[in-house]
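Since the structure comes first, as structure tokens, the remarks are kept for the end.
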Amino acid sequence: MRTVRVVGVVLAIAALLFGAACGREGAPGAAPSAQLSYPVAANVQVPGSPTFAKMQQAGRVRMGVKNDQPGLGVQDPTTGQYSGFDIEIGRMVAAGLGFAPDKIDYVVVPSAAREDAISRGDVDYYVGTYTINDNRKQRVGFAGPYFQAGQDLLVRADDTSITGPQTLQNKKVCSVTGSTPIQRVRQQNLTQPQNVVEFQNYSQCVDQLVANQVDAVTTDDAILKGFAAQDPQRLKVVGQVFSQEPYGIGVPRDDIAFRTKVNDLIAQSETDGTWQRIYDATLGRSGSPATPPAVQRY
Ligand code: GLU
């Protein structure tokens, strides 16, 4: 009996490892960034921008990113390379500012620490599923939007009980500290307060979901589709979007010249086809077709 149980456990662990290994292969996060490159602008000037002056002085870019969001911002654990839609948007902006890819330092900043990191100057700009909203605009500026996402739910593939936000009562729902989705779960009482589970990163929530510790992970559909694509045997996206999450590039709040320049670069990428190439090579591989939203200057 004991042996049987031990064998069972070993098999289960082997299955888990095998599943994880398979999931990683061909994952959307492993998008062929090598195919994407951007002309590095020469003699760039951004008059009146302290952020740009600082970057020029350093000869480098400090770019705030996520590293565990498949298709969007992922760091390959073996090569250390970053890839994904957000990463490429950030590289495109760096090139437009005159900085080649090897001049970028990636600074991983979780959702809850973004406003601090930007306002303290720890990063020059931030590209990581960062929803533009008035509350955040009190502390940071936003260029964009460069993508339109919406809040959705990730559940276990065999779950038929969760079909949308109104079906979450008595379910354990996981999301990330300092994110708009967790705020919405609480404000709209989508489940009881004691059923809301909070982590620093979405990958931690997904681990909890797979381990049956929570029943749903909630955040932007773009993020959830990436996780589901990595592990379609065990995970699925519900597909009932219940918010609008326009993604912006976070910049220092009072550096209007810098924000304008980044807006110009985003707008240009949207008209010259660069945006579409980036999307198709990254997020588009696990999601649906998309077109860029219009840049909103405020
Ligand atoms: N877009 C949402 C937000 O900015 C959720 C994704 C995230 O936490 O980065 O809060």
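Heads up: the sequence shown begins at 0 in numbering that gives the first Met the number 0, then just goes up one per residue.
We treat Cβ as the ideally placed atom computed from N, Cα and C, and that holds for glycine.
It should be emphasised that the depicted structure is a prediction, and the values quoted were computed from it without experimental measurement.
Item: Check whether the region 76 to 85 and the region 230 to 239 touch, using three or more Cβ-Cβ pairs below 8 Å as the test.; Value: no
Item: Extract the residue ranges of the alpha helix (DSSP H) inside the region 155 to 229, only unbroken runs of 4 or more that lie entirely within it.; Value: 179 to 186, 201 to 209 and 220 to 229
Item: Kindly give me the distance between the Cβ atoms of residue 151 and residue 220, rounded to whole angstroms, as I take these residues to be in contact under 8 Å.; Value: 4 Å
Item: Does the distance from the CB of residue 93 to the CB of residue 103 come in under 8 Å?; Value: yes
Item: With DSSP run on the structure shown, which of helix, strand or coil describes residue 26?; Value: With a pLDDT of only 43 at residue 26, under the threshold of 50, the placement of this residue in the model should not be trusted; the figure read from the coordinates follows. Three-state DSSP puts residue 26 in coil, outside helix and strand.
Item: Give the range of the alpha helix (DSSP H) segment to which residue 131 is assigned.; Value: Counting along the chain, residue 131 falls outside any alpha helix (DSSP H), and DSSP gives it neither H nor E.
Item: When we look at the beta-carbon of residue 296 and count the other beta-carbons within 10 Å, is it buried (16 or more) or exposed?; Value: exposed
Item: Where DSSP assigns a beta bridge to residue 148, which residues make up the other side?; Value: 244
Item: The beta strand (DSSP E) spanning residue 235 covers which residue range?; Value: 234 to 236
Item: By the 10 Å Cβ neighbour count, where 16 or more other Cβ atoms means buried, how is residue 253 classified, buried or exposed?; Value: exposed
Item: Check the C-beta distance from residue 231 over to residue 130 and give it rounded, since I have them as a contact under 8 Å.; Value: With a Cβ gap of about 27 Å, residue 231 and residue 130 do not count as contacting.
Item: Compute the beta-carbon to beta-carbon distance between residue 61 and residue 108, rounded to the nearest angstrom, for a pair I have assumed lies under 8 Å.; Value: About 10 Å; that fails the 8 Å criterion.
Item: Using a threshold of 7 Å, is the CB atom of residue 248 nearer than that to any non-hydrogen atom of the ligand GLU?; Value: no
Item: Quick one: Cα of residue 122 to Cα of residue 186, how far?; Value: 31 Å
Item: If you follow the alpha helix (DSSP H) that residue 85 is part of, which residue opens it and which one closes it?; Value: 84 to 95
Item: Distance, Cα to Cα, residue 263 vs residue 38?; Value: 15 Å
Item: Could you tell me the distance, in whole angstroms, from the CA atom of residue 283 to the CA atom of residue 249?; Value: 23 Å
Item: Excluding the five sequence neighbours on either side, which residues of its own chain have a C-beta within less than 6 Å of the C-beta of residue 164, listed in chain order?; Value: 189 and 241
Item: Out of curiosity, what's the CA-to-CA distance linking residue 79 and residue 67?; Value: 12 Å
Item: Can you give me the Cβ contacts of residue 111 inside the same chain, cut-off strictly under 6 Å, excluding the 5 residues immediately before and after it?; Value: 176 and 177
Item: Taking Cβ to Cβ, would you say residue 70 is nearer than 8 Å to residue 281?; Value: yes
Item: For the ligand GLU, any of its heavy atoms closer than 7 Å to the Cβ of residue 287?; Value: no
Item: According to DSSP, which residues form a beta bridge with residue 251?; Value: 139
Item: Tell me whether residue 244, by its Cβ, gets closer than 7 Å to a heavy atom of the ligand GLU.; Value: yes
Item: What residue range does the beta strand (DSSP E) around residue 61 cover?; Value: 60 to 64
Item: Where do the N-terminal and C-terminal ends of the beta strand (DSSP E) with residue 104 fall, by residue?; Value: 103 to 107
Item: Under DSSP, the beta strand (DSSP E) around residue 34 begins and ends at which residues?; Value: Residue 34 -> no beta strand (DSSP E), and no H or E assigned at all.
Item: Along the chain, where does the alpha helix (DSSP H) that runs through residue 295 open and close?; Value: Looking at the DSSP string, residue 295 is not in any alpha helix (DSSP H), and its letter there is neither H nor E.
Item: Assuming contact is defined by CB atoms lying nearer than 8 Å, are residue 143 and residue 247 in contact in what I supplied?; Value: yes
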